[in-house]
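First comes the structure, then the notes that go with it.
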Amino acid sequence: MQARPLFLLVFWLPLAVLGLTAASAQAAENPAFWKHQVKGDFNTVLAGLKGSLEAKQFTITGEENLSKGLENNKKVFGEDKWNTIGFQNATAIHFCSLVFNQEVFNMSMDWSVLCPFKVVVYNMKKHPDQITILTVRPTYLLANDPQKKAAEVGKKIEERILSSIKEGVK
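My numbering runs 2 ahead of the 1-based position in the sequence shown.
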């Protein structure tokens, strides 16, 4: 009678592992995200990014030190559970564009959800000099919008955001 459970385990375990591996790979390749990595000091990269956004006429509307917020509440989660992935720093920058706001508000109020945009900058304890910059692609969010100019507007604003980020973190 034990042969059947063993057979099921041998048959289904590799399929489950394969499925989890595929899910992880898919999450890493999420088309909704734009992800960029640079080498450097976290604070220097963050300052360069913010300076570039402002130079490109984006207004920074907020900044959250996500890692500090979690660390300050580690009593809630438990000393050994508040940072199981090993991040070192994580900061979210919220920013907007007056020009983009005016344009989208005159096309579709549904697009107002885009502004402020958000970019997250983080590094990990194992590789503190490897800084990751992550944002959501406006082209992805507007891809299936019925508004005729959605794809054009999404592309224009995404290009502006990404060029600002890349310039700031060279």
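Note that CB positions come from ideal geometry on N, CA and C, so glycine has one too.
Item to complete: Look up isoleucine 159 in the DSSP assignment and give the residues it is bridged to.
Response: According to DSSP, which records beta bridges pairwise, isoleucine 159 is partnered with nothing at all.
Worksheet item: With 16 other CB atoms within 10 Å as the buried threshold, where does asparagine 32 fall?
Response: exposed
Worksheet item: Would you call glycine 156 buried or exposed, if buried means 16 or more other Cβ atoms sit within 10 Å of its Cβ?
Response: buried
Practice prompt. Kindly list the residues whose CB is nearer than 8 Å to the CB of alanine 34, restricted to its own chain and excluding five residues on each side of it in sequence; keep chain order.
Written response: Val138, Arg139, Tyr142, Leu143
Worksheet entry | Among Met109, Lys120, Lys128, the one whose alpha carbon lies nearest that of glutamine 149 | Met109
Worksheet item: To the nearest angstrom, how far is it from the Cα of lysine 128 to the Cα of lysine 41?
Response: 13 Å
Worksheet item: Which residue from Glu169, Glu105, Ser69, Ser99 puts its Cα closest to that of lysine 90?
Response: Before going further, note that residue 90 is glutamine rather than lysine in the sequence given. For the residues Glu169, Glu105, Ser69, Ser99, the minimum Cα distance to glutamine 90 belongs to Ser69.
Worksheet entry | Nearest-angstrom beta carbon gap, threonine 93 and glutamate 66 [assumed within contact, 8 Å] | 7 Å
Worksheet item: DSSP three-state call for methionine 126: helix, strand or coil?
Response: strand
Discussion item. Measuring only the C-alpha atoms, how far is lysine 151 from histidine 96?
Written reply: 25 Å
Worksheet item: Anyone know if the C-beta pair for leucine 116 and valine 123 falls short of 8 Å?
Response: no
Discussion item. Restricting to Cα atoms, I'd like to know which of Ala57, Trp36, Glu169, Lys168 is closest to cysteine 98.
Written reply: Ala57
Worksheet item: Which value, in whole angstroms, describes the spacing of the CA atoms of valine 171 and lysine 37?
Response: 13 Å
Practice prompt. Spell out the partners DSSP gives asparagine 67 in its beta bridges.
Written response: Thr93
Worksheet item: DSSP puts tryptophan 36 in a beta bridge; with which residues?
Response: Thr137
Worksheet entry | Residues bridged to phenylalanine 119 (per DSSP) | Phe97
Fill in: Through-space distance from alanine 153 to lysine 168, alpha-carbon basis
22 Å
Discussion item. Assuming alanine 49 is part of the alpha helix (DSSP H), what are its boundary residues?
Written reply: 44-57
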